[in-house]
Amino acid sequence: DEIRDFARQIVEKEIERHSADGLGMADYALVSSGARVVRHSEPHDGTSVSGSWLRNRNKISFAAEKMIMPSFGEPGQCFPLKGRSGFVVIKLRTAIVPEAVTLEHVAKSVAYDRSSAPKHCIVSGWMQGPDSVDLEIGMNKMKLLTEFTYDLDKTNAQTFKVDPSAQSLVDTIRFDVTSNHGSPSHICIYRLRVHGHEPKLEIQS
Amino acid sequence: DEIRDFARQIVEKEIERHSADGLGMADYALVSSGARVVRHSEPHDGTSVSGSWLRNRNKISFAAEKMIMPSFGEPGQCFPLKGRSGFVVIKLRTAIVPEAVTLEHVAKSVAYDRSSAPKHCIVSGWMQGPDSVDLEIGMNKMKLLTEFTYDLDKTNAQTFKVDPSAQSLVDTIRFDVTSNHGSPSHICIYRLRVHGHEPKLEIQS
Amino acid sequence: DEIRDFARQIVEKEIERHSADGLGMADYALVSSGARVVRHSEPHDGTSVSGSWLRNRNKISFAAEKMIMPSFGEPGQCFPLKGRSGFVVIKLRTAIVPEAVTLEHVAKSVAYDRSSAPKHCIVSGWMQGPDSVDLEIGMNKMKLLTEFTYDLDKTNAQTFKVDPSAQSLVDTIRFDVTSNHGSPSHICIYRLRVHGHEPKLEIQS
Ligand SMILES: [K+]
Ligand SMILES: [K+]
Ligand SMILES: [K+]
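Chains as they are written, first to last, in the working numbering: chain H, 1 to 205; chain A, 1 to 205; chain P, 1 to 205.
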């Protein structure tokens, strides 16, 4: 009976964590919270013509939002980028001190092919400020938050810490995928989450 | 091995319950089952002008449906009402004898801010009948089903029983939030469920 | 402590499986993977006129896709067919050797009525090839994959194996429901999944 109680407690806690978006950590890159993809490299959709893409660099693909919303374990709910490397810039819900990022790919057991999963990745961040400020100006100030390798043999949502020495207030991050797991044609980004805390407002008296 | 079996049984049962809409109880207020929001107090959306809202009391906000559909643990999937108190009237899927209601808010661990969660709540019900009948006429007959306080320290879906003495056939309920957990501007209702049973038809011979 | 570890391991494994689309098996009939409903018997929607349906046999109901997408435990997320028997033809994501099929209905605990659940079912398959080929021609070649009875007392997603002797390359399957669990008016198909493996390409040197 004691064992049964132990087991039940563990199960309830794990299911609660699972229900809480799988990780139980607030995600400041979630589209429904107000975050937005504001730039990305050329999408892989079989229809875009490279030339037209290059002439209109500020265009955002409709599929871009997929990488900042839940996938619910379904294959295909990702944002595909052309080639073996690519990048995405995300304006967060609000300015935070980033503590970790989570990269999620489709689960091994339900995937048809995982060669398009990101492999080497770099996450950078900066304080961009109001939408009227040119993105290039902000990007000049960007600092490395974390660099990691997504491992196909581990669980499908992998969290990487931001070194405390690199933690400073940012409202925009850039996610660079510098290699994938073998696909010659594209990268699929299922979901990127950005965790951290909002700075406490100090009320001066 | 016996322990392992114990644990596995508990896990399977809990996951089954979790998959069954989290609670394993039929919800007669679910929008996909045919339930509808038929009236509500002024929504909080940053765009509505109070005056125009008041002139058109039968208008239903597009966001109203969010409170009678699943949230899947995602912040923001709620119906926001203006102010620290407000109400919603829901026509149920069919007439039932209500046994309990469940109020769900976003999980603590993924929330950015929970000051907009409902605190003191009152649920009333009545038999409204066909859509042609004026809602005011039905509301005059309404009876208290349950009164409760949503507790931010407990699990995010909280179920409250309807006292057996208050159980009678209803097809419409009114959900009043009389206070929230601190936000001066609004209330967020993630999901309200209404549980109960359909009366058995007695065939007369 | 050892017990606690045991329990935790089991829970984590089960939740991983649950998150991986509930079963942890790739589904080649999933709409987001590219699968499509290409024919079906008359839908039950309260609006279609039998005559007009019969005059236009190639018409696909908008609701047909619901049977090849996740239900997330919500009642009503199904494709309803008229009568106590009916069929659906699905073009799979790609040609596979089918190993099993899973039929899912809404969970007992959240259902209002399960008399529309399929009972006796037959799954057949064939190699249809390019979309330009007439479906009737392909259907003439179809072979039985499996025949089963959906049991309302078991778990809501029930998997049935394809006998190894019946396994051959198919890209299209036909799902026949020959009886339901009592409803005189219709059948509800929540989700049909088709599991198997893609043939390995042998590179000739
Ligand atoms: K996604
Ligand atoms: K909701
Ligand atoms: K479905």
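For glycine and all other residues, C-beta sits at the position ideal for the given N, C-alpha and C.
Check                                                                                                                                                                             : Outcome
Alpha carbon to alpha carbon, how far is P:Gly22 from A:Ile10? Give it in angstroms, no decimals.                                                                                 : 17 Å
Taking only beta-carbon positions, decide if P:Thr159 is within less than 8 Å of chain A.                                                                                         : no
By the DSSP assignment, the beta strand (DSSP E) with A:Glu99 in it spans what residues?                                                                                          : 86–104
Between which two residues does the alpha helix (DSSP H) containing H:Glu136 stretch?                                                                                             : 135–139
In chain D, which residues lie with their C-beta within 9 Å of the C-beta of P:Pro70?                                                                                             : As a matter of chain content, chain D is missing from the structure shown, whose protein chains are H, A and P.
May I have all residues whose beta carbon comes closer than 7 Å to any heavy atom of ligand 3, sorted in chain order?                                                             : P:Lys66, P:Met67, P:Met69, P:Pro70, P:Ser71, P:Gln77, P:Cys78, P:Tyr190, P:Arg191
Would you please state the rounded distance, in angstroms, between the beta carbons of H:Arg39 and H:Val89? I believe it to be under 8 Å.                                         : 4 Å
Rounded to the nearest angstrom, what separates A:Pro118 and P:Leu152 at their Cα positions?                                                                                      : 38 Å
In whole angstroms, what is the alpha-carbon distance linking H:Ile68 and H:Leu192?                                                                                               : 6 Å
Using the three-state DSSP reduction, which class does P:Ser205 fall into: helix, strand or coil?                                                                                 : Summary for P:Ser205: the model assigns pLDDT 47, below 50, so the residue's position carries little reliability; its value from the coordinates is reported in the next sentence. It is coil, neither helix nor strand.
Cα-Cα, which of P:Ser183, P:Val170, P:Val177, P:Asn180 is closest to P:Glu198?                                                                                                    : P:Val170
How should P:Val31 be labelled, buried or exposed, when 16 other C-beta atoms within 10 angstroms of its C-beta is the threshold for buried?                                      : buried
Between H:Val194 and H:Glu74, what straight-line distance do the alpha-carbon atoms span, to the nearest angstrom?                                                                : 21 Å
Label H:Glu14 either buried or exposed according to how many other C-beta atoms from any shown protein chain fall within 10 Å of its C-beta, with 16 as the threshold for buried. : buried
Sorted by chain position, which residues of the same chain lie with C-beta nearer than 8 Å to H:Gly129's C-beta, five sequence neighbours on each side aside?                     : Gly138, Asp171
Looking at the structure shown, is P:Ile189 part of a helix, part of a strand, or coil, going by DSSP?                                                                            : strand
Short check: CB of P:Trp126 to CB of P:Lys154, under 8 Å?                                                                                                                         : no
What does the Cβ neighbour count give for P:Thr94, buried or exposed, with the cut at 16 atoms within 10 Å?                                                                       : exposed
What residues of chain A sit near H:Gly24, judged by a beta carbon separation below 8 Å?                                                                                          : Ala107, Ser109, Val110
Looking only at DSSP bridge pairs, what is H:Phe160 linked to?                                                                                                                    : H:Val101
Would you say P:Ala20 lies against chain A (beta-carbon separation less than 8 Å)?                                                                                                : no
On the premise that A:Ser33 lies in contact with P:Tyr190, defined as a C-beta separation below 8 Å, what is that separation, rounded to the nearest angstrom?                    : At roughly 14 Å, the Cβ-Cβ gap does not stay under 8 Å, so P:Tyr190 and A:Ser33 are not in contact.
Report yes if the C-beta distance between H:Glu42 and H:Leu81 is below 8 Å; otherwise report no.                                                                                  : yes
Pick out whichever of H:Thr159, H:Asp176, H:Arg114, H:Pro164 has its Cα sitting closest to the Cα of H:Gly183.                                                                    : Here residue 183 of chain H is Ser; the residue named in the question, Gly, does not match the sequence. For the residues H:Thr159, H:Asp176, H:Arg114, H:Pro164, the minimum Cα distance to H:Ser183 belongs to H:Arg114.
Which residue marks the beginning of the beta strand (DSSP E) containing A:Val37, and which one marks its end?                                                                    : 36–40
What number of angstroms, rounded off, separates the C-alpha of P:Ser165 from the C-alpha of A:Met25?                                                                             : 42 Å
Could you tell me the alpha carbon to alpha carbon distance between P:His120 and A:Glu16, rounded to whole angstroms?                                                             : 24 Å
Please say whether P:Ser116 and P:His18 have beta carbons closer to each other than 8 Å?                                                                                          : no
Here's a check: name, in chain order, each residue in its chain whose Cβ is nearer than 6 Å to the Cβ of P:Lys91, leaving out the five neighbours to either side.                 : Arg36, Val38, Thr172
Tell me whether H:Phe72 is buried or exposed, calling it buried when 16 or more other Cβ atoms sit within 10 Å of its Cβ.                                                         : exposed
First and last residue of the beta strand (DSSP E) that includes A:Ser183?                                                                                                        : A:Ser183 -> no beta strand (DSSP E), and no H or E assigned at all.
Return yes when the Cβ of A:Val97 is within less than 8 Å of the Cβ of A:Phe160, no when it is not.                                                                               : no
Apply the 10 Å Cβ neighbour rule to P:Lys200 and answer buried if 16 or more other Cβ atoms are within range, or exposed otherwise.                                               : exposed
How many angstroms separate the CA atom of H:Arg55 from the CA atom of P:Thr149?                                                                                                  : Any reading at H:Arg55 must be qualified, since the residue scores a pLDDT of 49, below 50, and its modelled position is unreliable; the value itself is stated next. Spanning the two alpha carbons is a distance of roughly 58 Å.
Could you have a look at A:Asn119 and say whether DSSP puts it in helix, strand or coil?                                                                                          : Checking the displayed sequence, the identity of residue 119 of chain A turns out to be Lys instead of Asn. Correct three-state label for A:Lys119: coil.
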